[in-house]
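Q: Residue numbers (the working numbering): 192 to 514.
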């Protein structure tokens, strides 16, 4: 499914809200130098899939979109803050083809700017008078930090497994996507069981999203930096499967050799297909959970098919995307 086709399934009301979404620091007392740095780095461009998803789930629950806007803004700013921190941790030099925030400024300022964004999000959510939202976002931020820590440990020890790689994806991507499902559920006033179904739904979409992202490192059609994870010494899901299919290379890697020095295309496409198949299973489960949420939340049966259609298109798009 193309980006164009997916976007055509999104209600015009959501497109309008997205155009007016203010992805800036709300605090008028913000350091202007910091504000400019953020505006020209981590807050520029991107697919904005997270706010779109948040709006789609808000519409799914028939919530007025203006009440979803603070939630959509919050998750995109947290994502931007995580990019600011990741660029420092990964010693990045570019992001989306332009100099990364730590290169434009410095490691210290990149960390401080990311911290400020996180604080701005919590302050903004406190105005919504719902402790559930603050607790949920705090859990997302905790998970992002924990996921990065796990990834660092695995990278340094070279002790990887499918379970570890999936847990990293759950914490670094699944936690963020779960917000897009759970926060609108709280706005709707959903029961605890429905909220947990939404959380599982978001986790499945998020893990699948990361798996597909991993396959795009090896796609000629992708706009991602080729072999980026490998150059950073990170073993993603595709590289892990490739190592399992090449035992001698795997042993050399475990003994300390750089993955880039060991690289060969042998079994690469097979590894990509294994990961895509696993992602497809996660997305199939997400589709099942979407039906469960609609039923358990008692959503209007007359309109639910129409409300569900763009979410199903989004799930399909994630599984088929090539950039």
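Every residue gets a Cβ at the ideal spot worked out from N, C-alpha and C, and that includes glycine.
Keep in mind it's a predicted model, so treat the numbers as computed, not measured.
1. DSSP three-state label for residue 290, please.
2. Helix, strand or coil for residue 285 per DSSP?
3. How would you call residue 196, buried or exposed, if buried means at least 16 neighbouring beta carbons within 10 angstroms?
4. Reducing DSSP to helix, strand and coil, say where residue 218 ends up.
5. Output the boundary residues of the alpha helix (DSSP H) element that contains residue 406.
6. Please work out which residues of its chain come closer than 6 Å, Cβ to Cβ, to residue 474, disregarding the five sequence neighbours upstream and downstream, and give them in chain order.
7. For the alpha helix (DSSP H) that residue 377 lies in, which residues bound it at each end?
8. Got a sec? Which residues, its chain only, sit under 7 Å from residue 213 by beta carbon, not counting five neighbours each side?
9. By Cβ distance, which residues of its chain are closer than 6 Å to residue 431, with the 5 residues on each side in sequence left out?
10. Look at the alpha carbon of residue 382 and the alpha carbon of residue 496, and state the distance between them as a whole number of angstroms.
11. Does the segment 268 to 288 come close enough to the segment 232 to 247 that 3 or more CB-CB pairs lie under 8 Å?
12. For residue 490, name the three-state secondary structure that DSSP assigns.
13. According to the Cβ coordinates, are residue 429 and residue 455 closer than 7 Å?
14. Can you name the start and end residues of the alpha helix (DSSP H) that residue 441 belongs to?
A: Checking against the coordinates, here is how it stands:
1. strand
2. strand
3. exposed
4. coil
5. 383 to 407
6. 399, 506 and 510, listed in sequence order.
7. 366 to 379
8. For residue 213, where only same-chain residues beyond five positions count, the Cβ hits under 7 Å are 264.
9. Around residue 431, the same chain offers 351 and 356 as residues with beta carbons nearer than 6 Å, after the five sequence neighbours per side are excluded.
10. 21 Å
11. As far as the Cβ criterion goes, the segment 232 to 247 touches the segment 268 to 288, which means the pair count is three or higher.
12. In this structure, residue 490 counts as coil in the three-state DSSP scheme.
13. no
14. Boundaries of the alpha helix (DSSP H) around residue 441: 438 to 445.
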